[in-house]
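So the structure is just underneath, and the comments pick up after that.
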Amino acid sequence: IFQDLGTDVIQSAVEGYNACLFAYGQTSTGKTYTMTGTEVDEVGLIPRICEGLFSHVEACEDEQTTFKIEISYLEIYNERVRDLLKPGFTNEKYTLKVREHPKDGPYVQDLSSHTVKNYSEIFNLLDTGNENRTTATTHMHEHSSRSHAIVTLLFTQALLEDDLPREIISKVHLVDLAGSERADTTSTLNYKSRLKEGANINKSLVTLGNVIKSLGKIFIRIEDPSSPRRPQTLFIPYRDSVLTWLLRDSLGGNSKTIMISTITPASQYYNETLSTLRYAQRAKNIVNKPTINEVCIECLFNYYLRHIISL
2 IFQDLGTDVI QSAVEGYNAC LFAYGQTSTG KTYTMTGTEV DEVGLIPRIC EGLFSHVEAC
62 EDEQTTFKIE ISYLEIYNER VRDLLKPGFT NEKYTLKVRE HPKDGPYVQD LSSHTVKNYS
122 EIFNLLDTGN ENRTTATTHM HEHSSRSHAI VTLLFTQALL EDDLPREIIS KVHLVDLAGS
182 ERADTTSTLN YKSRLKEGAN INKSLVTLGN VIKSLGKIFI RIEDPSSPRR PQTLFIPYRD
242 SVLTWLLRDS LGGNSKTIMI STITPASQYY NETLSTLRYA QRAKNIVNKP TINEVCIECL
302 FNYYLRHIIS L
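Going by this note's numbering, the first residue of the sequence shown is number 2, and it counts up by one from there.
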């Protein structure tokens with residue numbers, strides 16, 4: 002899977018594009034195993050992608066090119082955001098707020114960002130975040146993830162070409178979604194608490210499905226020559242959940258996005274499997290518009306110089 006998909010994420014980041022990779026499926030179908038893995042010799046896509054980025058840095062860094070990698074790790078639990086890498090972590094209330102930047106779009110206020118110099122440092126941070134995630138025992142999984150987790154890598158390349166500085170900034174979202182399931186299949190000892198969790202999980206996943214469905218309809222109409230010249234404007238419900246709001250650019254925006262669908266071979270979960278496959282089919286209709294995120298340092302300098310002179 003890493004050779005087929007993970008290397009594409011690394012290449013996109015190196016070329017200056019934003020990228021997103023997320024796993025969706027029923028509980029106990031291997032999402033977290035695929036994304037994070039288990040032991041050191043069975044690491045998942047997230048640590049492998051991080052290692053691949055550092056391999057590129059080691060191979061390409063010189064006097065003309067420098068790199069910086071920053072990581073943040075958050076959890077969306079009951080529609081609230083928590084920093085999984087907060088120093089001195091405790092079970093505090095989920096108080097982080099999602100804000101809207103006029104240029105950069107949605108972001109999490111006060112979310113910690115950690116600059117890492119090597120793979121060992123980033124692996125330790127991932128391990129810390131994984132330990133802090135909210136899990137619960139369900140009938141289907143002993144340690145079921147009850148939250149959505151988003152690892153974000155900010156990959157900055159500072160280049161000097163013909164004595165002119167350039168900066169390329171790529172943002173990579175690596176997402177492990179909570180499992181989609183019916184309430185009767187996730188009964189636990191703390192039933193009421195799990196029922197509330199399940200309602201919020203399903204709310205965000207339903208919203209994700211609605212976003213994917215709406216975007217798919219838009220692009221089908223664009224590509225269908227028989228559709229009306231001016232198709233009806235569709236509302237994309239990004240803000241109906243924290244998950245879709247934060248991933249807005251990854252869904253129909255400035256990002257190269259990969260969706261992994263995980264399913265079970267068990268026949269009793271036929272309906273859940275069919276639902277997952279329908280998600281994937283709709284997602285295939287979405288066409289993102291990725292662009293290289295390049296900053297011209299000289300242009301910024303001239304802009305701020307003109308601004309200072311005008312004061």
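No residue lacks a Cβ here, since even glycine has one placed at the ideal position from N, Cα and C.
From a predicted model like this one, the values you see are computed outputs, not experimental measurements.
Residue 57 versus residue 116 - alpha carbon distance: Using only the alpha carbons, I get a separation of about 17 Å.
Boundaries of the alpha helix (DSSP H) in which residue 11 is found, first to last residue: Unbroken alpha helix (DSSP H) run through residue 11: 8 to 16.
For residue 35, three-class secondary structure by DSSP: Secondary structure of residue 35 (DSSP, three-state): helix.
Coarse secondary structure for residue 308, derived from DSSP in three states: Here residue 308 sits in helix by DSSP.
Cutoff 7 Å; reference residue 135; Cβ partners in own chain excluding five residues on either side: The answer, listed in chain order, is 76, 78, 147, 148.
Close Cβ partners of residue 179 (< 7 Å) along its chain, the five nearest in sequence each way excluded: Excluding residues within five positions, the ones whose Cβ falls inside 7 Å are 146, 147, 148, 149, 202.
DSSP-derived helix/strand/coil call for residue 70: Residue state for residue 70 is assigned as strand, using DSSP reduced to three classes.
Environment of residue 176 [buried if 16+ CB atoms lie within 10 Å]: Buried is the call here.
Uninterrupted beta strand (DSSP E) stretches inside the stretch 144 to 176 (no shorter than 3 residues): Segments of the beta strand (DSSP E) lying fully in the stretch 144 to 176: 149 to 162.
Whole-angstrom distance between residue 278 and residue 11, CA atom to CA atom: About 26 Å.
Cβ-based burial, residue 39 [other Cβ within 10 Å; buried from 16]: Exposed is the call here.
Close Cβ partners of residue 205 (< 6 Å) along its chain, the five nearest in sequence each way excluded: Taking C-beta separations shorter than 6 Å and ignoring five residues to either side along the sequence, the partners of residue 205 in its chain run 242, 244, following chain order.
Helix, strand or coil at residue 240 [DSSP, three-state]: Helix, per DSSP.
For residue 5, the three-state DSSP class (helix, strand or coil): Residue 5: helix per DSSP, three-state reduction.
Close beta carbons around residue 13, own chain, < 6 Å, minus the five adjacent residues each side: Only 20, 257 meet the Cβ criterion.
Distance, residue 61 Cα to residue 68 Cα: Straight-line Cα distance between these residues: approximately 9 Å.
Distance, residue 30 Cα to residue 275 Cα: Within the model, the alpha-carbon separation for residue 275 versus residue 30 is close to 14 Å.
Test item: CB-CB of residue 262 and residue 26 under 8 Å: Contact: yes.
Contact check, residue 99 vs residue 252, beta carbons under 8 Å: No, the Cβ-Cβ distance between residue 99 and residue 252 is not below 8 Å.
Close Cβ partners of residue 53 (< 6 Å) along its chain, the five nearest in sequence each way excluded: Annotation for residue 53: 11 place their beta carbon closer than 6 Å to its own, counting only its chain and skipping 5 residues before and after.
Test item: CB-CB of residue 260 and residue 23 under 8 Å: For the 8 Å CB-CB criterion, residue 260 and residue 23 form a contact.
Residue environment, residue 156, which counts as buried when at least 16 other CB atoms sit within 10 Å: With 16 or more other Cβ atoms within 10 Å, it is buried.
Paired residues, beta bridge with residue 181 - DSSP: As a beta-bridge residue in DSSP terms, residue 181 pairs with 27.
Exposure label - residue 119; buried when at least 16 CB within 10 Å: So residue 119 counts as exposed.
Coarse secondary structure for residue 261, derived from DSSP in three states: If DSSP states are grouped into helix, strand and coil, residue 261 belongs with the strands.
DSSP state of residue 107 mapped onto helix, strand, coil: Reduced to three states, the DSSP call for residue 107 is strand.
Beta strand (DSSP E) segment containing residue 116, residue limits: Element bounds for residue 116: 115 to 117.
Beta-carbon separation (whole angstroms), residue 254 vs residue 211, contact threshold 8 Å: Not quite, the Cβ-Cβ distance comes to about 16 Å (not below 8 Å), so this is no contact.
For residue 294 and residue 163, the rounded distance between their alpha carbons: Their backbone Cα atoms lie some 20 Å apart in a straight line.
The beta strand (DSSP E) enclosing residue 82, as first and last residue numbers: That run of the beta strand (DSSP E) goes 81 to 84.
Closer than 7 Å: residue 111 CB and nearest the ligand COA heavy atom: For the ligand COA, the structure offers nothing, since it holds no ligand at all.
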